[in-house]
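Chemist: Let me give you the structure first, and then I'll get to my questions.
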Amino acid sequence: MKKHRSMLKAVAGLVAVAALSACSGSSDNESSEDEASDSAASESTDAASGDESSDTVATESEPAQTDAPDEDEPKGAVAMGFPGADITIWNDQLAIMKPIIEEAGYEFLTDDPQYDINRQVNNWQTWINRGDVKAIMGFPAQADSIVPVTQEANEAGIPVFGYLITWEGTQAAMKVDAYKEAFDIASTAATEMKANGAPDDMKVVTTGRRDNEIYIQGMDGLKDGLLSVMPNATLIEQTARTREEGYNVAKAQYTAEPDIYVWLGMSNDSILGVYQGLLDSGVAPDDERFYLASRDATNETLDLIKIPNSIYRTATVIPARMLAEANAKLLIDGAEGRETQDIVVPGTVVTAENADEFYVD
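Letter by letter, the sequence shown follows residues -21 to -1, 1 to 340 in mature numbering (1 follows the signal peptide of the UniProt record, and there is no 0).
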């Protein structure tokens, strides 16, 4: 291989000499390179971003740009860090991202800090200390606490990207309009329940958390969407993120107040837990009095929505592939030194009628 490369260099040198001779006496030509930037085309708004003009909107048909790896020069690694490994849509994204990242020539690093911010910080420091990590993306368990290690990454020349949110030191983020998505499913639920004769002061349970920017936006969207249609409704906000938490909330709430029929969740994991908790409490899966909806969905969620007269009525869907490709694009572009900006991934309300369009292979 080395001999072959030496021959190529020798030939290139001869060609260069010949070219200079042929062009003797002519004026020098100026050359310039145009830098290319990736963008996705669509319209969306980002409630979490103060500058809409700086955002790129992702489309499902536009995958992340990748460069073919040079086998003689390993590119290093990029890392993606979620708070835990118990959320289905996070795991779906990691599985989709892995081949995209590896095709671009990078090792793909992930972790499971189990919602322990100290463990998450330590994991990021380990990535930085490896010396070959070219970009980091994450969703911190506590945004304020991740700032110092983000600064360490920046000082080491490693760009840091946010998942859904930004914090001091991030270069850009993959974002969604959590407020609008939550508002849409809540207003849809209230409209349908009102049309079916529900009282104006009906009780509604919302599940989620308020421990970071994106969750606060989603919970506010659920509340405002509901009250925009039924201003006299009684809202009961329950803290639940995982299936187990949703299950426990549903069992306890149903025991105390079995006449609460509407459950709206910031995430599908909590509402999947609510769904099972209600069934285990004796509610039929097609009880027309009940209305469950969530701000995101997975294949399992779609299966339940498609059940005839299912109590799991609707959800806002952002396909995991669109999220994963946006994540991978930011990581790869950051690792390659390209200019980056926020990518906004739009959501769609899914019902039994269009659920088949959103399955992840």
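Where is the CB? At the ideal position from N, CA and C, for every residue including glycine.
1. Expressed to the nearest angstrom, what Euclidean distance is found between the alpha-carbon atoms of Met153 and Pro127?
2. Return the CA-CA distance between Ala212 and Val183, expressed in angstroms with no decimal places.
3. Please state if the CB of Pro237 and the CB of Asp265 are separated by a distance shorter than 8 Å.
4. Would you call the stretch 193 to 202 and the stretch 321 to 329 in contact, with 3 or more CB pairs under 8 Å?
5. If you run the structure through DSSP and keep just helix, strand and coil, what is Tyr254?
6. Looking at the unbroken beta strand (DSSP E) that takes in Trp242, where does it start and where does it end?
7. Span of the alpha helix (DSSP H) holding Arg189?
8. Specify, as a first and last residue, the run of the beta strand (DSSP E) that Ala56 falls within.
9. Taking the beta carbon of Gln232 as the centre, do at least 16 other beta carbons fall within 10 Å, making it buried, or is it exposed?
10. With DSSP as the reference, identify every bridge partner of Thr218, one or two as the case may be.
11. Mapping the DSSP letters down to three states, classify Leu201 as helix, strand or coil.
12. In the DSSP assignment, find the alpha helix (DSSP H) that holds Arg98 and state where it starts and stops.
13. Any idea what DSSP makes of Leu309, helix, strand or coil?
14. So, under 8 Å CB-CB, Val328 and Ile290 are touching, yes? Tell me the CB distance rounded to an integer number of Å.
15. So, with DSSP's three-state summary, where would you put Ile290?
16. Consult DSSP for Tyr233 and reduce its assignment to one of helix, strand or coil.
17. DSSP three-state label for Glu147, please.
18. One question on the structure: do Lys173 and Val208 come within less than 8 Å of each other, judged by their Cβ atoms?
19. Determine the contact status of Ile164 and Ala294, defining contact as a CB-CB distance below 8 Å.
20. Under the assumption that Ala151 contacts Leu309 (Cβ atoms under 8 Å), give the Cβ distance between them as a whole number of angstroms.
21. Could you tell me the alpha carbon to alpha carbon distance between Met181 and Gly326, rounded to whole angstroms?
22. Given this structure, state the Cα-to-Cα distance separating Ile96 from Phe61, to the nearest angstrom.
23. What do you get for Asp90, buried or exposed, if any count of 16 or more other CB atoms within 10 angstroms of its CB means buried?
24. Measure from the alpha carbon of Glu315 to the alpha carbon of each residue in Asn333, Lys113, Ile193, then state which is nearest.
25. Taking only three categories from DSSP, how would you classify Ala120?
26. Would you call Gly136 buried or exposed, if buried means 16 or more other Cβ atoms sit within 10 Å of its Cβ?
27. Excluding sequence positions up to five away, which residues of its chain have a Cβ less than 8 Å from the Cβ of Trp146?
28. Let's see if you can read the secondary structure: which residues bound the beta strand (DSSP E) around Tyr338?
29. From Pro178, Gly256, Thr280, pick the residue whose C-alpha is nearest to that of Ala331; which is it?
30. In whole angstroms, give me the CA-to-CA distance for Ile215 and Glu223.
31. Would you list the residues sitting across from Ala270 in a DSSP beta bridge?
32. Kindly indicate which residue of Arg109, Ala235, Asn133, Arg292 has the alpha-carbon position closest to the one of Glu267.
Modeler: Considering the structure as presented:
1. As a position in the sequence shown, residue 153 is number 174, starting the count at 1. As a position in the sequence shown, residue 127 is number 148, starting the count at 1. Rounded to the nearest angstrom, the two C-alpha atoms are 21 Å apart.
2. Along the sequence shown, read from residue 1 onward, the residue named residue 212 stands at position 233. Along the sequence shown, read from residue 1 onward, the residue named residue 183 stands at position 204. Cα-Cα distance, rounded: 7 Å.
3. Your numbering for residue 265 matches position 286 in the sequence shown. Your numbering for residue 237 matches position 258 in the sequence shown. Against a cut-off of 8 Å, the Cβ pair of Pro237 and Asp265 comes out as no contact.
4. no
5. Working through the sequence shown from its first residue, we reach residue 254 at position 275. DSSP places Tyr254 in helix when its eight states are reduced to three.
6. Taking the first residue of the sequence shown as 1, we reach residue 242 at position 263. Start and end: 241 to 244.
7. On the sequence shown, residue 189 is found 210 positions in, with the first residue counted as 1. Neither: Arg189 is in no alpha helix (DSSP H) and is coded neither H nor E.
8. Translated into positions along the sequence shown, residue 56 becomes position 77. It spans 56 to 60 - the beta strand (DSSP E) in which Ala56 sits, taken as one unbroken run.
9. The residue given as residue 232 occupies position 253 in the sequence shown. So Gln232 counts as buried.
10. To locate residue 218, count along the sequence shown from 1; it is residue 239. DSSP output for Thr218 lists Gly187 as bridge partner(s).
11. Counting from 1 along the sequence shown, the entry for residue 201 is found at position 222. Three-state result, Leu201: helix.
12. Looking up residue 98 in the sequence shown gives position 119. Its alpha helix (DSSP H) spans residues 96 to 109.
13. Numbered from 1 along the sequence shown, position 330 holds the residue referred to as residue 309. Reduced to three states, the DSSP call for Leu309 is helix.
14. In the sequence shown, the residue the question calls residue 328 occupies position 349. In the sequence shown, the residue the question calls residue 290 occupies position 311. Wrong, their Cβ atoms sit about 17 Å apart, outside the cutoff.
15. What you label residue 290 is simply residue 311 of the sequence shown in a count that begins at 1. Reduced to three states, the DSSP call for Ile290 is coil.
16. On the sequence shown, residue 233 is found 254 positions in, with the first residue counted as 1. DSSP places Tyr233 in helix when its eight states are reduced to three.
17. As a position in the sequence shown, residue 147 is number 168, starting the count at 1. DSSP places Glu147 in coil when its eight states are reduced to three.
18. Within the sequence shown, residue 173 is the residue found at index 194, counting from 1. Within the sequence shown, residue 208 is the residue found at index 229, counting from 1. Yes. Within cutoff.
19. By 1-based counting over the sequence shown, the position of residue 164 is 185. By 1-based counting over the sequence shown, the position of residue 294 is 315. The answer is yes: Cβ separation under 8 Å.
20. Counting from one through the sequence shown, the residue named residue 151 turns up at place 172. Counting from one through the sequence shown, the residue named residue 309 turns up at place 330. Their Cβ separation, rounded to whole angstroms, is 6 Å, which keeps Ala151 and Leu309 in contact under 8 Å.
21. Residue 181 sits at position 202 when you count from the first residue of the sequence shown. Residue 326 sits at position 347 when you count from the first residue of the sequence shown. Each residue's Cα considered, the two are about 28 Å apart.
22. As a working mapping, residue 96 is identified with position 117 in the sequence shown. As a working mapping, residue 61 is identified with position 82 in the sequence shown. Roughly 11 Å between the two C-alpha positions.
23. Within the sequence shown, numbered from 1, the residue matching residue 90 stands at position 111. Buried is the call here.
24. Here residue 315 refers to the residue found at position 336 of the sequence shown. Selected option, being the one with the closest Cα: Lys113.
25. Taking the sequence shown and counting its residues from 1, one reaches residue 120 at position 141. Three-state DSSP puts Ala120 in coil, outside helix and strand.
26. Reading the sequence shown from its first residue, position 157 is the one you call residue 136. So Gly136 ends up on the exposed side.
27. Numbered from its first residue, the sequence shown carries residue 146 at position 167. The residues are Pro119, Ala122, Asp123, Ile125, Val126, Thr129.
28. Here residue 338 corresponds to residue number 359 of the sequence shown, with the count starting at 1. No beta strand (DSSP E) contains Tyr338, which DSSP labels as neither H nor E.
29. Along the sequence shown, read from residue 1 onward, the residue named residue 331 stands at position 352. Measuring from the Cα of Ala331, the nearest candidate turns out to be Thr280.
30. Here residue 215 corresponds to residue number 236 of the sequence shown, with the count starting at 1. Here residue 223 corresponds to residue number 244 of the sequence shown, with the count starting at 1. Ile215 and Glu223: Cα-Cα distance of roughly 19 Å.
31. As a first step, residue 270 is located in the sequence shown; it is residue number 291 there, counting from the start. A quick correction: the sequence has Tyr, not Ala, at residue 270. Partner(s): Val241.
32. What you label residue 267 is simply residue 288 of the sequence shown in a count that begins at 1. When only C-alpha atoms are compared, the closest one is Arg292.
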